[in-house]
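Heads up, the sequence shown is in this note's numbering, so the first residue is 99 and it goes up one at a time.
These notes concern the structure reproduced below.
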Amino acid sequence: MVYLKKFTLLDEIQEHNIEFNEERRNIFNNNYPLHLFSSKSFKEINFDKITIFYGGNGSGKTTLINMISQKLNASRKSPIDKGSYFDLYVEHCDYEMSFEQPMEIKLITSDDVFDYLIDVRSINANVNRQKERLSKEYLDYKFNNNGNSFDNYDELKMSYDSKRKSMSKFVRERLGNNNIIEWSNGESALMFWEREIKEDSIYILDEPENSLSAENQLKLKRFIEDSTRFYNCQFIISTHSPFLLKLMDAKIYDLDDTPVVTKKWTELSNVLVYYNFFKQYEEEFDKK
Numbered sequence: 099m100v101y102l103k104k105f106t107l108l109d110e111i112q113e114h115n116i117e118f119n120e121e122r123r124n125i126f127n128n129n130y131p132l133h134l135f136s137s138k139s140f141k142e143i144n145f146d147k148i149t150i151f152y153g154g155n156g157s158g159k160t161t162l163i164n165m166i167s168q169k170l171n172a173s174r175k176s177p178i179d180k181g182s183y184f185d186l187y188v189e190h191c192d193y194e195m196s197f198e199q200p201m202e203i204k205l206i207t208s209d210d211v212f213d214y215l216i217d218v219r220s221i222n223a224n225v226n227r228q229k230e231r232l233s234k235e236y237l238d239y240k241f242n243n244n245g246n247s248f249d250n251y252d253e254l255k256m257s258y259d260s261k262r263k264s265m266s267k268f269v270r271e272r273l274g275n276n277n278i279i280e281w282s283n284g285e286s287a288l289m290f291w292e293r294e295i296k297e298d299s300i301y302i303l304d305e306p307e308n309s310l311s312a313e314n315q316l317k318l319k320r321f322i323e324d325s326t327r328f329y330n331c332q333f334i335i336s337t338h339s340p341f342l343l344k345l346m347d348a349k350i351y352d353l354d355d356t357p358v359v360t361k362k363w364t365e366l367s368n369v370l371v372y373y374n375f376f377k378q379y380e381e382e383f384d385k386k
């Protein structure tokens, strides 16, 4: 499903009118994000079910993601790092939606994933402390020689269980939601994406490959493809991951090029670096 059809950036004349506005000319000491895209003759973005902004650091990937999300009033958790003219620039941008309305429009950044992983680590640390305490209690009760001289029923039951159950079973039965500790950072990050993405919605993703192994990036790729195919989602993604650049039927804008044009994933410089590297050592793979 394509909910957002078109987004229009400012040309040089529009930027000039903003920059030399008499009321603002002496207020701002930098002109970001003016000229970032007009200098690349990049004005109109036509979207598909999956649209990718590709480019190196400083190419404007994240800026573009932030502009679109602000213009569409997308929900977000992390704040936008704005320049002096950012709000003015976005105010003058234009966009076109289809007749179908999305259930939600959400921006998800790599910072959101990191915050989630920190929360998971905090939970894991608490679970580990509880495990250590319960393991100590297990040993204390198991080797206690005071017979049945316990003050209450709970202590008596602890003693009874410690002598008839393994330590792991004793701890598991007394530990609440402890399954989260079984997941690695990468697996937890993948769970984060699966939890955040629903159906019939627009999702704007800023470098979602962060914190994911190559294997989990491929899993995320399949999840995004399934979400567009079966659950009517539209994705707008900034990335330089070769795995996500191969998203099925994705339209890719190369922000490193001037003028900015759409390209096949096999034409992108970052992908070609990987290709040439592995091609150079192809014989070593063939020996296996």
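Ideal Cβ positions, reconstructed from N, Cα and C, are used throughout, including at glycine.
From a predicted model like this one, the values you see are computed outputs, not experimental measurements.
With respect to the 8 Å criterion, residue 345 and residue 152 are not classified as neighbours on the basis of their beta carbons. For residue 319, the enclosing alpha helix (DSSP H) begins and ends at 312-328. Leaving aside the five residues that flank residue 305 on each side, the residues in its chain whose CB is nearer than 7 Å to its CB run, in chain order, 208, 336, 337. In the three-state reduction of the DSSP assignment, residue 207 falls in the strand class. For residue 143, the CB contacts under 6 Å within the same chain, skipping 5 residues up- and downstream, are 105 in chain order.
Residue environment: residue 138 is assigned as buried (16 or more neighbouring CB atoms within 10 Å of its CB, all protein chains considered).
In summary, residue 348 is buried, with 16 or more beta-carbon neighbours lying within 10 Å of its beta-carbon over all protein chains present. The beta carbon of residue 149 sits closer than 6 Å to the beta carbons of 334, 349 from its chain, once the five residues preceding and following it are set aside; these are given in chain order. The three-state reading of DSSP puts residue 358 in coil, since its state is none of H, G, I, E or B. Three or more beta-carbon pairs separated by less than 8 Å link the stretch 192-209 to the stretch 289-298, which places the two stretches in contact. The residues 131, 134, in chain order, have a CB closer than 7 Å to that of residue 161 in the same chain once the five nearest residues on each side in sequence are set aside.
Only residues of its own chain outside the window of five on either side were considered, and among them 100, 347, 348, 349 have a CB closer than 8 Å to the CB of residue 146, listed in chain order. Residue state for residue 130 is assigned as coil, using DSSP reduced to three classes.
CA-CA distance, residue 329 to residue 158, rounds to 30 Å. The DSSP-derived three-state label of residue 178 is coil. Counting along the chain, the unbroken alpha helix (DSSP H) around residue 165 starts and ends at 159-169. The shortest CA-to-CA distance from residue 182 to any of 116, 163, 307, 234 is the one to 116. The alpha-carbon separation between residue 166 and residue 186 amounts to approximately 13 Å. Under DSSP, residue 105 shares a beta bridge with 143, 193. Your pair residue 331 and residue 325 checks out as a contact, with CB atoms roughly 4 Å apart and the cut at 8 Å. For residue 308, the closest C-alpha among the options 317, 319, 287 is that of 287. In terms of Cα proximity to residue 114, the closest of 351, 190, 170, 168 is 190. Residue range 349-352 is occupied by the beta strand (DSSP E) that includes residue 350.
Cβ atoms of residue 102 and residue 136 stay farther apart than 8 Å, at about 21 Å. Here the C-alpha atom of residue 197 lies approximately 50 Å from the C-alpha atom of residue 378.
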